[in-house]
Amino acid sequence: MPSEEETGTSTEPLTFSALGLIKPLLEALEQLKFTEPTEIQAQSIPSALEGRDIIGVASTGSGKTAAFALPILQKLWDEPKGLFACVLAPTRELAYQISQQFEALGSAMGVRCAVIVGGMEIATQAVALARKPHIVVATPGRLNDHLENTKGFSLRNLKYLVMDEADRLLDLDFGPVIDKILKVIPKERSTYLFSATMTTKVAKLQRASLSNPVRIEVSSKYQTVSTLLQYYCLMPQRDKDTYLIYLANTLAQNSTIIFTRTVHDAARLSIILRTLGFPAIPLHGQLSQSQRLGSLNKFKSGGQRVLVATDVASRGLDIPSVDIVINFDIPTHSKDYIHRVGRTARAGRAGKSITLVTQYDVELIQRIEKVIGKKMELWETDREEVALLKERASEACRLAANELKEQQNSGKKRKRGGENGGRDNRDRDDDVIEAGMPSEKKRKSRGGRR
1 MPSEEETGTS TEPLTFSALG LIKPLLEALE QLKFTEPTEI QAQSIPSALE
51 GRDIIGVAST GSGKTAAFAL PILQKLWDEP KGLFACVLAP TRELAYQISQ
101 QFEALGSAMG VRCAVIVGGM EIATQAVALA RKPHIVVATP GRLNDHLENT
151 KGFSLRNLKY LVMDEADRLL DLDFGPVIDK ILKVIPKERS TYLFSATMTT
201 KVAKLQRASL SNPVRIEVSS KYQTVSTLLQ YYCLMPQRDK DTYLIYLANT
251 LAQNSTIIFT RTVHDAARLS IILRTLGFPA IPLHGQLSQS QRLGSLNKFK
301 SGGQRVLVAT DVASRGLDIP SVDIVINFDI PTHSKDYIHR VGRTARAGRA
351 GKSITLVTQY DVELIQRIEK VIGKKMELWE TDREEVALLK ERASEACRLA
401 ANELKEQQNS GKKRKRGGEN GGRDNRDRDD DVIEAGMPSE KKRKSRGGRR
């Protein structure tokens, strides 16, 4: 059983140069305005450059991607080879983001990346793999499809394997697929495993895949950053939609992510908000790949200021300009709350989270407060203003219900077989779909608003 070497706690701030990185990477970091390493980078990069396997346990927003990308790129500079490293990620969006960071950090060496995820043409991906990119960033299901079915493709010369958001990879039941991948890649490789939490499943995966790793833990299991101001907003259950509209109106100048527990609510609330003039777009697992990337890019560019999302967006996606996170539903697991509110107050910046609390949610919110070791402050509301919004809110809810019904009826009339390219059963998202909701719901454009 491999042993683990525990590293020390926080050290004095270092420069990237002091970590032993080469000049091309230092220049790329300077262009990207990465002034000094984060704690996970400062502690993991030296060990990685020495060739050690790494277990990194760090909260979201801590700079994990650069922590594994920089050592890989430095070694690639010395040994430029195709299919040099493979990164496994739980979601398509995170895979694209990791690829973008590799390309930005490795711009001086012309690093080539391929993103291999569900929802895209397998033949096109096979062509990309045949060109032997330096870095493959993939979701496990689609990568395994290519390993089993794409002629001429293998990872038998792979030098690095990274498993990012390992706890979520295993939460999504990718364990058996990862086991298959581990059997067909070289045992003589460097392996990095990064996770926000160290669960029993992650510990088991670590024992199976890493050799004498250095363990680096820079945050407690459940923690929110000190620059995050956390609030709760009290309301009756029947007025929940109206209070959300009140908050959207109050916070209209801010970039905001609204998290919902279900796909249905993400779709419904985005329609309600757009009906009332708010620039809102949905992000959830029942959108096609192009729709999801479109939503994400519009939000990241500032073209749309409100993103209504299920938990598919709560992990690993670095959207630097988020001012506010609103929890429309309270997550049943405290760690999901941590990941959601981790979308704001990143890298030392300030941010706010507001959690909607009804008469049925008091126990849940108290449980979260106990876990994070903090009491949330009450977000004051003007009840008269809320009352004035009720009629408009009711009308917007009615219109949204009609639109969703039209979409559902339209979807039933179409053959689903040819439209399933946006889904891949082995490339799932952490969405909860209400009982009775259709398993596929295609969004229909109306009036040019989407």
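Position 417 of the sequence shown, counted from 1, bears residue number 417 in UniProt numbering, the numbering being contiguous throughout.
Every residue gets a Cβ at the ideal spot worked out from N, C-alpha and C, and that includes glycine.
Bear in mind the structure is a predicted one, so any value in this text is a computation, not a measurement.
At a cut-off of 3 residues, the continuous stretches assigned as beta strand (DSSP E) that sit fully inside the stretch 147-196 are 160-163, 190-195. Residue 166 sits buried, since 16 or more C-beta atoms from the chains shown fall within 10 Å of its C-beta.
DSSP places residue 139 outside both helix and strand once states are collapsed to three, so it counts as coil. Boundaries for residue 312: no beta strand (DSSP E) harbours it, and the DSSP string shows neither H nor E there. Apart from the 5 residues on each side of it in sequence, residue 343 sits with its Cβ closer than 6 Å to the Cβ of 257, 322, 325 in its chain, given in chain order. Pairing residue 224 with residue 368, the inter-Cα distance amounts to about 11 Å. Distance between residue 194 and residue 91, taken at the CA atoms: about 15 Å.
Contact between the stretch 37-45 and the stretch 16-25 is present: 3 or more CB-CB pairs across the two stretches fall below 8 Å.
Boundaries of the beta strand (DSSP E) harbouring residue 214: 214-217, taken from the DSSP string.
Sequence-distant Cβ neighbours of residue 143 in its own chain, meaning closer than 6 Å and more than five residues away, are 116. Here the alpha carbons of residue 36 and residue 294 stand approximately 32 Å from one another. C-alpha of residue 88 to C-alpha of residue 146: approximately 14 Å in a straight line. Using a Cβ distance threshold of 8 Å, residue 397 and residue 272 count as a contacting pair. CA-CA distance, residue 198 to residue 133, rounds to 31 Å. Taken through DSSP and simplified to helix, strand or coil, residue 283 comes out as strand.
Using a Cβ distance threshold of 8 Å, residue 185 and residue 161 count as a contacting pair.
DSSP, read as helix, strand or coil, puts residue 50 in coil. In this model, residue 210 and residue 181 are separated by some 14 Å (Cα to Cα). Annotation: residue 245 is outside any beta strand (DSSP E); the continuous alpha helix (DSSP H) that includes it extends over 240-250.
Secondary structure at residue 411: helix, using DSSP grouped into helix, strand and coil. Around residue 400, the same chain offers 268, 271, 272 as residues with beta carbons nearer than 6 Å, after the five sequence neighbours per side are excluded. In the three-state reduction of the DSSP assignment, residue 294 falls in the helix class. In the DSSP assignment, residue 231 falls outside any alpha helix (DSSP H) and within the unbroken beta strand (DSSP E) covering 228-234. Shown here, residue 391 sits in a helix according to DSSP, grouped into three states.
In this structure, the beta-carbon distance from residue 243 to residue 355 does not fall below 8 Å.
For residue 258, DSSP records a beta bridge to 308, 326. Taking 8 Å as the cut-off, the Cβ atoms of residue 105 and residue 66 count as close. Here residue 117 carries a coil assignment [DSSP, helix/strand/coil].
In the three-state reduction of the DSSP assignment, residue 355 falls in the strand class. Ranked by Cα distance from residue 385, the first of 310, 176, 68, 246 is 246. CA-CA distance, residue 387 to residue 248, rounds to 15 Å. Taking each of 141, 348, 232, 259 in turn and checking the Cα distance to residue 176, the smallest one comes out for 141. Closest in alpha carbon position to residue 310, among 75, 362, 206, 259, is 259.
Residue 374 and residue 212 have their C-alpha atoms roughly 37 Å apart. For residue 87, no alpha helix (DSSP H) run applies; the uninterrupted beta strand (DSSP E) run containing it begins and ends at 85-88, by DSSP. A distance below 8 Å separates the beta carbons of residue 218 and residue 62.
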